[in-house]
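Okay, so here's the structure we're looking at.
Residue numbers (the UniProt record's numbering): 1 to 292.
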């Protein structure tokens, strides 16, 4: 971890965590503090993912300063990143600026996808870890971990089992007709994908998890923009189509041309045609199965 600018960390000096209220996140000086109580897995995963990215990837991310616990909660102390949240103000920008920001985000996704995997055909989390029990594409009983997997066939089999369980959550003796069709198409379409190669995938790709900043010259004029992804707990090596599905999931329901154009720039940056996979897991996914 990086040297903590507030080390040793002391709530009496730097602030009381009770001031966080129900949001479980606050800024104290140059740091962002996150905390979790009962279900702390997401916070642990974010720490692991950030440390991995800082060592193995060129993608932009916050520095981790400390991770610790008291008798009730876990705390993450990390670099506070300045910037505007894309969710709040993107549509108010002019088109050239929006296109630049979208392209900068696309660049971050390309850098993420270029991060080397632990081994060929590896599907799982950082440091050789399995998918957690609540990974939505594979969850069966919310207790069992899944993988890691070392072939696309094994990965797809686990996802299919997850789909069978999720779609069975009804009071009927059998699946609905549209669910049966989905299960047939699941194997047919995803089994025939042109891009099964695993790439590091940022699943929670909503606008609230993107910060953008202007780059200014010595005269104060804006000459460029940067985009940084935040909230890194949903990160795994998944097939190439998975990032496209997550982008569609978060933006494809919009009826706003500016947002749809932003989505198109992101999708085009992935370097493949994932139309069929997105149609299955976004449109048909409304039968009750999703991965984001």
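Idealized CB from N, CA, C, for every residue including glycine.
Supposed close pair residue i, residue j - CB separation, criterion 8 Å
i, j, result
"residue 50", "residue 232", "6 Å"
"residue 298", "residue 140", "Because the chain spans 1 through 292 in this model, residue 298 falls outside it and cannot be assessed."
"residue 131", "residue 236", "6 Å"
"residue 65", "residue 31", "6 Å"
Host beta strand (DSSP E) of residue i (start-end)
i, result
"residue 163", "Here residue 163 belongs to no beta strand (DSSP E); instead the alpha helix (DSSP H) covers 152-167."
"residue 205", "Note, residue 205: premise wrong, no beta strand (DSSP E); not H, not E."
"residue 236", "235-239"
"residue 224", "222-229"
"residue 34", "31-36"
Boundaries (first-last residue) of the alpha helix (DSSP H) holding residue i
i, result
"residue 210", "Per DSSP, residue 210 belongs to no alpha helix (DSSP H); it is in the beta strand (DSSP E), 210-216."
"residue 181", "177-191"
"residue 277", "275-278"
Simplified DSSP state of residue i, which is helix, strand or coil
i, result
"residue 198", "strand"
"residue 263", "helix"
"residue 79", "strand"
"residue 292", "coil"
"residue 27", "strand"
"residue 95", "helix"
"residue 256", "coil"
"residue 272", "coil"
"residue 13", "The predicted position of residue 13 is uncertain, since its pLDDT is 48 and thus under 50; no value can be drawn from it."
Paired residues, beta bridge with residue i - DSSP
i, result
"residue 69", "74"
"residue 59", "None; residue 59 has no bridge partner."
"residue 104", "Paired residues: none, contrary to the question."
"residue 64", "78"
Problem - Contiguous beta strand (DSSP E) assignments of at least 3 residues, all confined to the stretch 109-152 - result: none
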